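Convert by adding 35 to the 1-based position in the sequence shown; the result is the number in our numbering.
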Amino acid sequence: MCGIFGFVSKEKINATPVIIDGLKRLEYRGYDSAGLALMTGRGIFCRKKAGRIFELEKVVGNNIESNIGIGQSRWATHGKPSDKNAHPHFSCDKKIYLVHNGIIENFKELRVKLEKRGHVFRSDTDTEVAAHLIEDFSKSYSFEEAVRLALKSIVGTYAFVIVNADNPTTMIVARNSSPLLVGLSDTHKFVASDASAILPHTRKVVYLHDGEFAILTPSDFRIATLDRKAVSRDQELIEWSQDEVKKNKFPHFMLKEIYEEPDAVENAIRGRLIVKDGLAKLGGLELVEDKIKRLNRVIISACGTAYLAGLTGEYMLEEYGEIPVEVEYASELRYKKQKFDARTALLSISQSGETADTLGALKEAKRKGALNLGLVNVVGSSIAREVDAGVYNHAGPEIGVASTKAFVSQLAVLSLLALFIGRQRDMSLVIGRRIASELSVLPDKMKRVLKEAPNIKKIARKYHKYDHFLYLGRKYNYPVALEGALKLKEVSYIHAEGYGAGEMKHGPIAMIDKNFPSMVIIPSDSMREKVLSNIQEIKARDGKVVAIATEGNKEISKIADDVIYIPKTLEMLTPMLSVMPLHLFAYYVGVMRGYDVDHPRNLAKAVSVE
Ligand code: G6P
36 MCGIFGFVSK
46 EKINATPVII
56 DGLKRLEYRG
66 YDSAGLALMT
76 GRGIFCRKKA
86 GRIFELEKVV
96 GNNIESNIGI
106 GQSRWATHGK
116 PSDKNAHPHF
126 SCDKKIYLVH
136 NGIIENFKEL
146 RVKLEKRGHV
156 FRSDTDTEVA
166 AHLIEDFSKS
176 YSFEEAVRLA
186 LKSIVGTYAF
196 VIVNADNPTT
206 MIVARNSSPL
216 LVGLSDTHKF
226 VASDASAILP
236 HTRKVVYLHD
246 GEFAILTPSD
256 FRIATLDRKA
266 VSRDQELIEW
276 SQDEVKKNKF
286 PHFMLKEIYE
296 EPDAVENAIR
306 GRLIVKDGLA
316 KLGGLELVED
326 KIKRLNRVII
336 SACGTAYLAG
346 LTGEYMLEEY
356 GEIPVEVEYA
366 SELRYKKQKF
376 DARTALLSIS
386 QSGETADTLG
396 ALKEAKRKGA
406 LNLGLVNVVG
416 SSIAREVDAG
426 VYNHAGPEIG
436 VASTKAFVSQ
446 LAVLSLLALF
456 IGRQRDMSLV
466 IGRRIASELS
476 VLPDKMKRVL
486 KEAPNIKKIA
496 RKYHKYDHFL
506 YLGRKYNYPV
516 ALEGALKLKE
526 VSYIHAEGYG
536 AGEMKHGPIA
546 MIDKNFPSMV
556 IIPSDSMREK
566 VLSNIQEIKA
576 RDGKVVAIAT
586 EGNKEISKIA
596 DDVIYIPKTL
606 EMLTPMLSVM
616 PLHLFAYYVG
626 VMRGYDVDHP
636 RNLAKAVSVE
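In structure tokens, the structure reads:
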């Protein structure tokens, strides 16, 4: 939700390509408008443009020398996407320029006060008040003190990057509940919403914490709290490689990331399975192992696709972990009267580790005494730092806005967790070994599903003009049906509904006719006969059916209109196979309908607003 970027360098450099490249790498966080500001010998050069970053690129030129610059790619919250609402925003005297990610909740009252003091606003955004506020304090204080006082007056969430023409070698950055990191190289310093933007320059980073601000100059970098306490923080090394954040031979990140699904599962389970003992080894949970033994309830909290991974995890943990589980949208959980205690664990699942609602629900549970566990992809993210213990899913950077590889890797970790908790309880060695050994060969089976891509593309071609779809599955594959429908909606804007196949009779069946096809997940497991009956019910009403079935199920090809086969595995692990054709199907349909699947309209990758 908004990507922000900035650099400070010892020498003047050709600055626009650096900022534009940084913004392009963050574009998945928001892409309705963009802008930049550069410190030049003749004051600050600023350009802002509605639309994608290439629109900004057209108006900035390519030869502006500067040693300090900031930029932002926006996802609108307050004020429509337009040139004037694009960041950077600036003070009346056009000396203070800033970019922001987050929401200033008290912007209205601040704006009224500042207008009374003569400030003239040029945009409809919440952000602009920050520039005027700093300008106001600057009349009596230094740049640094003016920023600090302004931040203390602001209520809300933010990552800010601020420059001031009167202090042409200083950049000030600050963070409260929106991500921000500083990258350090011998000649440059960078700031960005996430690591993918600074990887071409350096892998050495320092993460800022909430309530901190940092002062960057060509020769210096220091962090302080808003109460003026100096902070010393070690550098960390980013593990992601540059290649991981490039499309390479793929036309879209979404397709690349679907093709990375087998690797994502491989990376999630690497070093975490002891097959001969039927055990899962989760280092991040070692410190709280005894507390986990005593748990009598798990609440899973997440949003979007991570929530659907949580729903699948509910089946896994209840069946094999032998523990009652509730799954909640984080955006609802945080406002519910929930009872948390030391025997309740809150498991927050988040790819980005920055989703505002998931973080909010976690903070609430923390206050009430729950054991807070995390399943997070981005190392060092807010949720990862806030939990008591957790497991990283190590899916690598996910750039496509619609989550794909992160989903399967979340499922892999949830199945490890079911094994981990199950073996603490009554799960037998035999069952433990079966799960561990099947999980260890799952990435190879996932690679076999990718071989079905040409068939899936053909099926997508046949169905891409339909305007409605029903997705059905049962038990472990019920959440997969929801995920398939969500993905189709996200990247192709087609109306798609996901349902538990058994529920079809209680409503959705009324919509079935020859123009309303169904994608039905029917693996050869405990649910096969029941789902088969549901398919018959659809066929009896002239509905078309695309079945996702287990290899060897010949009977299905006589009933369904089209079939996509997946390999056989344990029922609990099937979702990691069955979701792959649905991801590919959504991808192909989105592309065939002419959409930019990596940048679906109105969506953003990391939703840092509530
Ligand atoms: C947004 C993204 C989804 C993602 C959800 C939760 O809606 O577009 O792809 O599943 O946020 O994000 P998180 O980073 O918490 O997993």
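Beta carbons are placed, not taken as given, at the ideal position from N, Cα and C, and that holds for glycine. Remember, it's a predicted structure, so these values are computed and weren't measured experimentally.
CB contact flag (Gly96, Thr51, <8 Å): yes
Rounded straight-line distance, which links the Cα of Pro558 to that of His541: 23 Å
Any non-hydrogen atom of the ligand G6P within 7 Å of Gln386 CB: yes
Those residues which DSSP pairs with Tyr132 across a bridge: Phe125, Val198
Leu451 to His154 span [Cα, whole Å]: 57 Å
Any non-hydrogen atom of the ligand G6P closer than 7 Å to Gly339 Cβ: yes
Exposure label - Tyr370; buried when at least 16 CB within 10 Å: exposed
Residues near Ala181 by beta carbon distance below 7 Å, same chain, minus five either side: Ile169, Phe172, Ser173
Residue closest to His124, alpha-carbon to alpha-carbon, out of Asp118, Val134, Lys115: Val134
beta-carbon Lys440 near the ligand G6P non-hydrogen atom, thresh 7 Å: no
Alpha carbon of Met657 to alpha carbon of Pro635, nearest angstrom: Any answer about residue 657 is impossible in this case: the structure gives the chain only from 36 up to 645.
Paired residues, beta bridge with Asp597 - DSSP: Val581
Selected residue, minimal CA-CA separation from Ser254, among Gly587, Val43, Val436: Val43
Val208 - containing alpha helix (DSSP H), residue span: From DSSP, Val208 is part of no alpha helix (DSSP H) but of the beta strand (DSSP E) over 206-211.
Chain C within 8 Å of Arg332, Cβ atoms only: Protein chain content of the structure displayed is limited to a single chain, and chain C is not contained in it.
Supposed close pair Ile594, Ile556 - CB separation, criterion 8 Å: With a Cβ gap of about 15 Å, Ile594 and Ile556 do not count as contacting.
Ranges of the beta strand (DSSP E) found wholly within the segment 422-476, counting only runs of at least 3: 424-427
Distance cut-off 7 Å: Val632 Cβ against heavy atoms of the ligand G6P: no
Best match in Phe178, Ala185, Glu179, Ser177 for proximity to Glu163 [C-alpha to C-alpha]: Ala185
Three-state secondary structure assigned by DSSP to Tyr506: strand
Cut-off 6 Å between Cβ atoms - residues of its own chain near Glu92, not counting five sequence neighbours on either side: Ile55
Sub-8 Å separation of Leu608 and Glu473 beta-carbons: yes
Closest Cα partner of Val426 within the set Tyr498, Gly457, Asn302: Asn302
Reduced DSSP category for Gln571 - H, G, I as helix; E, B as strand; rest coil: helix
Close-in-space but distant-in-sequence residues of the same chain around Asp94 (CB under 8 Å, 5 per side omitted): Note on residue identity: the sequence assigns Val, not Asp, to residue 94. The answer, listed in chain order, is Arg82, Lys84.
Chain-order list of residues whose beta-carbon lies under 7 Å from that of Val266 (same chain, five-residue window excluded): Glu247, Ile258, Ala259, Thr260
Beta-carbon proximity of Asn211 to Asp245, cut-off 8 Å: yes
Cβ-Cβ distance between Leu314 and Gly467 below 8 Å: yes
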